[in-house]
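The block underneath contains the structure these notes are about, expressed in structure tokens.
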Amino acid sequence: MPSFPFSEKDPIQFPGPAPKRSDVVIIGGGVIGVTTALYLAEKGVAVTLVEKGRIAAEQSSRNWGWIRQQGRDADELPIVIEARRLWKELAQECGEDIGLQQTGVTYLANSARDMNGFDDFIKIAARHGVDTRLLSSAETAALIPGMARTFHGAMTTPSDMRAEPSLAVPALARLAVRKGAAIVENCAARTLDMSEGRISGVWTEAGLIETSSVLVAGGAWSSLFLRRHGVSIPQLSVRSTVAATEPLPEVHAGAAVDDHVAFRRRQDGGYTLAPGGGSALYVGPDSFRHAIKYLPALFDNPFGLRYLPAAPSGFPDAWSTPRHWAADEKSPFERMRILNPAPSRKGLRSVEREFARLFPGLGPIRLKTAWAGMIDAMPDVVPVVDRVQSIDGLFVATGMSGHGFGIGPGIGRVVADLIQGNAVGHDLTRFRMSRFSDGSPIRLGPAL
Ligand SMILES: Cc1cc2nc3c(=O)[nH]c(=O)nc-3n(C[C@H](O)[C@H](O)[C@H](O)COP(=O)(O)OP(=O)(O)OC[C@H]3O[C@@H](n4cnc5c(N)ncnc54)[C@H](O)[C@@H]3O)c2cc1C
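Numbering (this note's numbering), first residue to last: 20 to 467.
Below is the structure:
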């Protein structure tokens, strides 16, 4: 059983070797790459997924495990509704306990103003038949008993779910392999191989895989890989701190957040906790390159981020990270197999304090483990899911902006159809790559 957070010391579960030829190559073994591989394999497409470190070792195991429809961008909601259905199917089919439970998601409100802020989503949810509703102060206290604070009310979606990310995504990878996908860990994709202006393969650290279709699903590394091939996306990543408590009595089976702490009941009897706000941006070359596109997000929430002057060496946007390398050269991807930022100590003190303050009946809160993840984001807080116009055969699904776990299987199914040239069943206009270069104004989705 691998440790958590996953590390390079964990045994390789998917050793390969990679085939010499594949219909599709997927770069990145997070929830997006894994579920795309699964749905392609299901259709009989020969698909190979290469992962530079371990399956799900970055964001896809480090997240809070919320599978939420609540608070989604209107254009994402139909895909999340599908994803919720797919999660149930996949949990059954994979035959492993991934901790999937329908226990609801709740946003707690301090004031009438907070409650008014929920109005837009209540209307969107109603249009799509999602069971989101507002709760009075008394209903909120009844839903989550034992809270020391009296909230003005809440917005809740009982049909939202939770799962254990570190169990779920590796289990889906095993299912994808059973369906015929090839998955290779410890295998960085270095560059695309091009002939006559179109993709002819992917150079990995283990050699060339010939292919005509490539999906970049590299999470926080996607823009570095794409830029090497002259494709620019304004992606930045922010560090977000998380902790898991020792087992504690159950105060609420679901997930909830107030202005100080987010919490979610875990399968092991503890809670996953995260500080409200306090994500950090390591300033690097891409921060300057794309700054102007992030101004709307900055004005919307001027104090939402801390700024740190430089990323640790080897991070995707560190000052010293090479932006160019050759196919036969060691690339930045294999130099850092697992992006493992140090959690913020201030953030950890804050979650211990705030969770104990909210639930004094639980007694002292002891953290079992703590970690951080780099959330990859786009300026309008919705992903890029598109084919790349300038390179025939290249597809991108990235920038999940802090909510890619829940929507993951929905995006995976959509991208699998996009690559096969099938109808995708949803309008992807909002997620097109050209929105950042065709003069469209930035239209902000809901916050991270
Ligand atoms: C702290 C935190 C809390 C979150 N909470 C939630 C939540 O509750 N609910 C929710 O829906 N979402 C949440 N998210 C967001 C969610 O985890 C991500 O959106 C999602 O996991 C992104 O999946 P991905 O497959 O795009 O990227 P990742 O999971 O980051 O996977 C990308 C993979 O690509 C690999 N890779 C990159 N470049 C290469 C290369 N050149 N060659 C080979 N491999 C490569 C990387 O090693 C990595 O494993 C949270 C994220 C964090 C960090």
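A virtual CB, placed ideally from N, CA and C, is assigned to each residue, including glycine.
Residue burial annotation: Asp-446 is exposed, with fewer than 16 other C-beta atoms found within 10 angstroms of its C-beta. Residue pairing from DSSP places Ile-218 in a beta bridge opposite Met-213. Cβ neighbours of Pro-341 within its own chain (closer than 7 Å, five residues either side excluded): Pro-351. By the Cβ test, the stretch 144-158 is not in contact with the stretch 305-312, since fewer than three Cβ pairs between them sit closer than 8 Å. DSSP places Val-403 within a strand segment (E or B) once states are collapsed to three. Taking the C-beta atoms as reference points, Arg-356 is found nearer than 8 Å to Lys-71. Across the structure, Arg-451 and Asp-411 are spaced so that their CA atoms are roughly 16 Å apart. Not one heavy atom of ligand 1 sits closer than 7 Å to the Cβ of Gly-429.
Residue pairing from DSSP places Ala-391 in a beta bridge opposite Thr-260.
Distance from the CA of Gly-136 to the CA of Pro-97, rounded to the nearest whole angstrom, comes to 21 Å. Nearest in C-alpha terms to Arg-325, of all of Asp-319, Arg-258, Ala-391 and Arg-354, is Arg-258.
One Cα belongs to Thr-175, the other to Gly-123, and the distance between them is close to 7 Å.
Secondary structure at Asp-411: strand, using DSSP grouped into helix, strand and coil. One alpha carbon belongs to Ala-128, the other to Pro-331, and they sit about 37 Å apart.
The straight-line gap separating the alpha-carbon atoms of Ala-76 and Ser-26 is approximately 7 Å. Exclusion of Val-44 from the 7 Å shell around ligand 1 follows from its C-beta lying no nearer than that to any non-hydrogen atom of the ligand. Here DSSP, grouped into helix, strand and coil, assigns Pro-335 to coil.
Residue pairing for Ala-396: DSSP places it in a beta bridge opposite Leu-255.
By the Cβ test, the stretch 44-55 is in contact with the stretch 412-431, since at least three Cβ pairs between them sit closer than 8 Å. When C-alpha distances from Phe-318 are compared across His-422, Glu-371, Val-280 and Pro-398, the shortest belongs to Pro-398. For the stretch 79-167, the continuous beta strand (DSSP E) assignments of 3+ residues that do not extend past its boundaries occur at 124-128 and 152-154, in sequence order.
At least one heavy atom of ligand 1 falls within 7 Å of the beta-carbon of Glu-77.
The C-beta of Glu-108 has fewer than 16 other C-beta atoms within 10 Å across all chains shown, which makes the residue exposed.
In the three-state scheme derived from DSSP, where H, G and I count as helix and E and B as strand, Thr-55 is classed as helix. Between Val-261 and Trp-83, the C-beta spacing is below 8 Å. For Arg-283, the enclosing beta strand (DSSP E) stretches over residues 280-284. Comparing alpha carbon positions, the residue from Ser-453, Val-64 and Arg-283 closest to Pro-402 is Ser-453. Contact annotation: the stretch 220-231 does not touch the stretch 429-438, with fewer than three C-beta pairs closer than 8 Å. By the Cβ neighbour-count rule, Thr-448 is exposed, with fewer than 16 other Cβ atoms within 10 Å of its own. Going by DSSP, Glu-269 is part of no alpha helix (DSSP H) at all; its letter is neither H nor E.
Residue range 423-439 is occupied by the alpha helix (DSSP H) that includes Gly-425. Annotated as proximal: Ala-239 and Leu-358, with beta-carbon spacing under 8 Å. If you compare the alpha carbons of Trp-338, Ala-442, Gly-199 and Thr-125 with that of Gly-35, the shortest gap goes to Gly-199. Put simply, the stretch 86-97 does not touch the stretch 236-254. Fewer than three CB pairs are less than 8 Å apart. Counting of Cβ neighbours within 10 angstroms places Arg-146 among the exposed residues, the total staying below 16.
Per the C-alpha coordinates, the member of Gly-118, Asp-138, Arg-209 and Ala-201 positioned closest to Ser-185 is Gly-118.
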